[in-house]
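Protein chains: 2
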Amino acid sequence: MESHNTKYSNPTDEDYNINQDQAIVTRRIQRLSLHLHPISVPPVFSDNLQLLTCTGRAKINVNAENLSEYMRGKHRDIQERVYEYFNARPDLQTPLEITKDAHRELCMRQLMGLVREAGIRPFKYVVEDPAKYFAILEAVGSVDMSLGIKMGVQYSLWGGSVLNLGTKKHKDKYFEGIDNMEYPGCFAMTELHHGSNVQGLQTVATFDPFRDEFIIDTPNDGAIKWWIGNAAVHGKFATVFAKLMLPTHDTKGVSDMGVHAFIVPIRDMKTHEALPGIEIHDCGHKVGLNGVDNGALKFRSVRIPRDNLLNRFGGVSRDGKYTSSLPSINKRFAATLGELVGGRVGLAYSSVGVLKIAVTIAVRYSLLRQQFGPPKQPEISILDYQSQQHKLMPMLASTYAFHFATSHLVEKYSEMKRSHDEELVGDVHTLSAGLKAYVTSYTAKSLSTCREACGGHGYAAVNRFGSLRNDHDIFQTFEGDNTVLLQQVAAYLLKQYKEKFQGGTLTVTWNYLRESMNTYLSQPNPVTSRWEGEDHLRNPNFQLDAFRYRTSRLLQSVAVRLRKHSKTLGSFGAWNRCLNHLLTLAESHIESVILAKFIEAVRSCPDASSQAALKLVCDLYALDRIWNDIGTYRNVDYVAPNKAKAIHKLSEYLSFQVKNIARELVDGFELPDHVTRAPIGTQVAKEAYSQYTQYAGF
Amino acid sequence: MESHNTKYSNPTDEDYNINQDQAIVTRRIQRLSLHLHPISVPPVFSDNLQLLTCTGRAKINVNAENLSEYMRGKHRDIQERVYEYFNARPDLQTPLEITKDAHRELCMRQLMGLVREAGIRPFKYVVEDPAKYFAILEAVGSVDMSLGIKMGVQYSLWGGSVLNLGTKKHKDKYFEGIDNMEYPGCFAMTELHHGSNVQGLQTVATFDPFRDEFIIDTPNDGAIKWWIGNAAVHGKFATVFAKLMLPTHDTKGVSDMGVHAFIVPIRDMKTHEALPGIEIHDCGHKVGLNGVDNGALKFRSVRIPRDNLLNRFGGVSRDGKYTSSLPSINKRFAATLGELVGGRVGLAYSSVGVLKIAVTIAVRYSLLRQQFGPPKQPEISILDYQSQQHKLMPMLASTYAFHFATSHLVEKYSEMKRSHDEELVGDVHTLSAGLKAYVTSYTAKSLSTCREACGGHGYAAVNRFGSLRNDHDIFQTFEGDNTVLLQQVAAYLLKQYKEKFQGGTLTVTWNYLRESMNTYLSQPNPVTSRWEGEDHLRNPNFQLDAFRYRTSRLLQSVAVRLRKHSKTLGSFGAWNRCLNHLLTLAESHIESVILAKFIEAVRSCPDASSQAALKLVCDLYALDRIWNDIGTYRNVDYVAPNKAKAIHKLSEYLSFQVKNIARELVDGFELPDHVTRAPIGTQVAKEAYSQYTQYAGF
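The listed protein sequences derive, respectively, from chains G and V.
Using UniProt numbering, the letters of the first sequence correspond one by one to residues 1 to 698.
Using UniProt numbering, the letters of the second sequence correspond one by one to residues 1 to 698.
Laid out in structure tokens, this is it:
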């Protein structure tokens, strides 16, 4: 059992030291409290607790090799094949200046090279080994994010819709062509007027029983399919989402069966001309990702065979009868969209890949760059400034945290694809929505911070922050707008909350809610709210408890508010009235899931020095997040004022400690210079400036 | 005198209502407290206090015309001339896709057109009427920010250095050529290894008494002048900052007189070839502003006449003697850099211009865009969602706040240029540093938020967020890195703090510190910390007090910490140990200055409905900022838990109210469609989507 009766003073800064007498009193109360509320440390922590909490003051000696080995995924080999293929082909590298049209052609050549020359065939892994697929996606994205997205459109979206929403006949007919890029295709869901609200799509597919065909129509300009990747230039096919209309014998004449997916050939296989009735335009320049040819599609009475309905969840018989194993439109809609979560998993995972590149460049440059210094002494590295540590070290810690969380997500997703376990489906759906939203928002902000932290040289296009930010920016929007996805997380939490009260069981990820609903909702413990020793603050139990306490409290209070407001505003109005609260709840939950995974990863690390480094980084992640929301904790007296100060001081101190091993920590990501590609971020620091002057022509 | 004994319940949401009994008790205590500590309302507020606090529940009727008239600067006419000139010249408009080299040529043509065709000659206003100069700069920046920056390089930096650091002989020789663009020039301060640390520059200018010349040299590659605007292609001259070296008769042989500025011709006036000894290279692609030709300059024994030293603050006589009216290197350095604050004023002002464009586009689109809605009812506008209001309404409020603050800064700067009053110089220096840092950081973040809030259509390049962000990004870095500038603000505050304790006088902007140091540093009033009525929270006295209390407290505590740490770490080490604290202090001060100016602007507004609208917006700015740092306020019990909740609720409610007049508020910026130029942000909403489909070719 851990003892909390030791350190009170923050060893780095004694400004707020409580006076000696008070310290003695508090210590006495603490001892007593241990008798009253014995703290049970779960067995997972007790074995190496010493190591986990007492890393001491000295700089940790990190063996970057061992750390990398622990961090490295199972599919490093195929990532290296990707890196090496493109490193050996300078003609396939994207220059800093390239027109939109040339970029699109280059991007297509890159993808063809990968598939046909390097022999990397991602499609089979989409189903067989998703972890390997995501590893390829991450590596390819670091070559040029346009390539990553174009590959994702082809295999996750167009290919994935055929595999996951279609049946054997579709797989038999299309697999080979999708795999070998003979059938480049699109995923035509979004319309000009509808993105998030997929059920509001207006494109229609009317069944014509006489010719056994569907007729696809764009009823108005708001229903033009918009932003469709691969549509402007290269696509031959599109999976088109449209309302299925079946003829009826009543006065209405037609019945809306809800949104379904249809394979629609859009260009002639030989001439590549747009097929009759299909109007295709270019959506034009984007903020980034200009290597992807996003287009707009308008349909005028386009006929496709009945077989082109992707009929896994609902089909139409020869005589126009609807058949489905699922009972309602809503269930079918949920099943259809549920098959698309792979895209979110991929984005969350790739977003961490982008963050790793940016953090690596920013940290290496901040170690190299010197500016100002003590009087008559050499200038110091800008990473020696507390402000720069504050900008970059919690970000580095978060990168590690996200690495473990998204690796976990990929595992769960792979498991779900194998088992089709229902509980797992719900879990993965919510976890992928939450992590995609949280991670991509964080990465987007961090890319701006990195640019700014690297000053003028961060503004040189060659140093990558601009293109990384412009390309990554839309990660926050596509495959589900982040604000909408977080609401799905909140809704799922509320569902679990209700089930708990109805005596139901909770799935694994939400297990902590069971306990928390009973224990955390009482008033915070007035004794522990005053503990401010380093051992306590770095105890994973305290950290997890703090994260979960907040989530539970937010959940409980929003449930009460929703119930109250529903009476006057209806459920839609009540939801909107509580929307900020719900978003905070969702973020809070995701942060706690990330922390839990990080703590597990620290515990499982077999190498002692790597473990100590990871523990340090994990503590920084935890305390930085608690400090960021200290108002909430203070407001309910979960932490007393002096404890709040102690948390702040310790997180500043941990930033300083992490700075001391920052070089090794970014080396742990194993990103070679030909992947980071920023002169200011070279691994061998002394080459950085000279690469840079040579680049300018000196 | 205002009465605080009315509303307790938040009228929009009663979740946290304290119970009735407690309310009565609290009210009684409040009444008592008024006897004990009568609140003195300064006369400026008492006249129209009713209006200022009781705007009521109904939607305010805003007359956009009257609001615009109040917001409009004195130099709207010249801005309209700029807009109209470029609107009439589509050949001078920057296309979405353009190569770096073509963009630079276009940008030069734009500038030449402005000066030689439109007859707008900004240079004379640099000195005569800075407000007019900044108005031109803002307008020109909205055409293409590259043009704004290129104009700034020519007139503020190159031209400004000649006027402000030189003497009559320089003005006589160069004014005309700079004004009419026959002498395009550069401002060569930054080196590869030194940006912020100007005193660390390594370029040398050695006086040769035999030939009466200076010899300019780049002693090593780290001293190459880097990022120099106008250098890569167009510049004929450069103001080069270098250490002045004078020969001595001692063993050292030479004496370093510190950094001085020299006019160095860099290209032949006829052939445009680089002059002997001058190596010029292109710094290449940047994240944005690719219309500006930033280059790198390396000097090898480049000789210039003695007259080319800009000798306002220090000169060299024919026989190599140094002469100056200022006593030390540090004083001369401060005077030299002090003349360059105009650049910061311009950036802060232009940054607000960028923010206005972005907010206008985002608000108009959010009103137009509909997604989801209550069951079986039409979809609602996305600005009807609380989350969207949370993203955009405090931003809209901040735009108004910054408008008044930067207008005030321009006035003060103009006054300083007229009077050369010493106190004013210090004030303007600090205010320009602080506002430049605070406003540009805020705008940079907001541009990302706007893109994200506008979803997929926000990612279309034509809708401007990408280029605005990429171009504006470097505003955070050039003319003083924001992190460095905030430290100058903190240092000035500490200086004032010390002077106050030494019985000195404080300058106008800092006046509040005098009072606050005496009154605010006691414990917060336990009675007022519980007041949570809307009248109280919307009282400017409460708001200003809260902002200033925080600043004073931060100032007091950092002064104590600095004193303590100096003993062990020295002053440089102590400063670094407290750096995050110092940056928070600086931001807190700037926020309070902005609020004070906003409150004044509300008070001075002659039109009642505009005043009511501005008051609403000002309250949102104030309460949103207090809520953002609620942890600090809670930690010292400046606000009690229920008051914290009331602040949160009221700021959510104010966001809702501001949403109701958001259209009128953005109309108040008077930005015509040919200036905003985003199809999704057109003034006539119904045209937005059709402009957009037409743009794609439908």
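Every residue gets a Cβ at the ideal spot worked out from N, C-alpha and C, and that includes glycine.
For G:Asn660, not one C-beta of chain V is nearer than 8 Å to its own C-beta. Of all C-beta pairs linking the stretch 611 to 620 of chain G to the stretch 647 to 655 of chain G, three or more are shorter than 8 Å, placing the two stretches in contact. Nearest to V:Ile590 by alpha-carbon distance, out of V:Val602, V:Asn482 and V:Arg634, is V:Asn482. Per DSSP, reduced to three states, the secondary structure at G:Gly284 is coil, with no helix or strand assignment. For V:Gln110 and V:Leu289, the gap between their C-alpha atoms comes out near 14 Å. The beta carbon of V:Leu435 lies closer than 7 Å to those of Ala348, Ala405, Thr406, Leu409 and Ile590 in the same chain, with the five residues before and after it left out.
Here the C-alpha atom of V:Phe465 lies approximately 21 Å from the C-alpha atom of G:Ala437. Spanning the alpha carbons of G:Trp226 and V:Ser414 requires a straight line of approximately 50 Å.
In the structure shown, the three-state DSSP call for V:His249 is coil. The beta carbon of G:Ala397 lies closer than 6 Å to those of Val617, Leu620 and Tyr621 in the same chain, with the five residues before and after it left out. The three-state secondary structure of V:Cys186, taken from DSSP, is strand. If you draw a straight line from the Cα of V:Ile630 to the Cα of V:Asp221, it is about 49 Å long. Non-local C-beta neighbours of V:Cys450 in its own chain, meaning closer than 6 Å and more than five positions away in sequence, comprise Ala358, Ala362 and Phe465, ordered along the chain. No Cβ of chain V is located within less than 8 Å of the beta carbon of G:Gln523.
Taking CB atoms only, G:His472 has no neighbour in chain V less than 8 Å away.
G:Leu544 and G:Val593 have their C-alpha atoms roughly 9 Å apart. For G:His260, the enclosing beta strand (DSSP E) has its first and last residue at Val254 to Pro265. Under the criterion of beta carbons closer than 8 Å, V:Ile216 and V:Val316 do not qualify as touching, at roughly 14 Å. Taking the Cα positions, V:Asp256 is about 15 Å away from V:Leu309. Per DSSP, the continuous beta strand (DSSP E) segment holding V:Pro305 begins and ends at Val302 to Pro305. Counted as a single uninterrupted DSSP element, the stretch harbouring G:Val639 is not any beta strand (DSSP E), since DSSP gives it neither H nor E.
Taking every protein chain shown into account, the CB of V:Asn61 has fewer than 16 other CB atoms within 10 angstroms, so this residue is exposed. The beta carbon of V:His234 does not come within 8 Å of any beta carbon belonging to chain G, so the residue lies off that interface. V:Ala612 sits in a helix when the DSSP states are folded into three classes. For the stretch 94 to 110 of chain G, the set of residues with a beta-carbon nearer than 8 Å to any beta-carbon of chain V comprises Leu96, Glu97, Thr99 and Lys100, in chain order. Chain V has a Cβ within less than 8 Å of the Cβ of G:Ser387. About 22 Å separates the CB atoms of G:Arg550 and G:His565; that is not less than 8 Å, and the two are not in contact. Proximity of G:Trp531 to chain V, defined by a Cβ-Cβ separation below 8 Å, is not satisfied. If you check the CB distance, G:Val462 and V:Gly284 come in under 8 Å.
The contact set of G:Ile263 on chain V, defined by CB atoms closer than 8 Å, is empty, because the minimum CB distance reaches about 24 Å. Against chain G, the CB of V:His589 has no partner CB under 8 Å away; the residue lies outside that interface. If you look at G:Val204, you'll find it in the beta strand (DSSP E) that goes Val204 to Asp208. Within its own chain, the residues whose Cβ lies closer than 7 Å to the Cβ of V:Arg369, once the five positions on either side in sequence are excluded, are Ser381 and Ile382, listed in chain order. When C-beta distances to chain V are compared with 8 Å, the residues of the UniProt domain "Acyl-CoA oxidase/dehydrogenase middle" (186 to 302) of chain G below that value are Thr190, Leu192, His193, His194, Gly195, Ser196, Asn197, Gly200, Asp221, Gly222, Ile224, Trp226, Trp227, Glu279, His281, Asp282, Cys283, Gly284, His285, Lys286, Val287, Gly288, Ala296 and Lys298, in chain order. Between the stretch 441 to 457 of chain V and the stretch 326 to 333 of chain V there are fewer than three C-beta pairs closer than 8 Å, too few to call the two in contact.
Of the other Cβ atoms in all chains shown, fewer than 16 fall within 10 Å of the Cβ of V:Ser419; this residue is therefore exposed.
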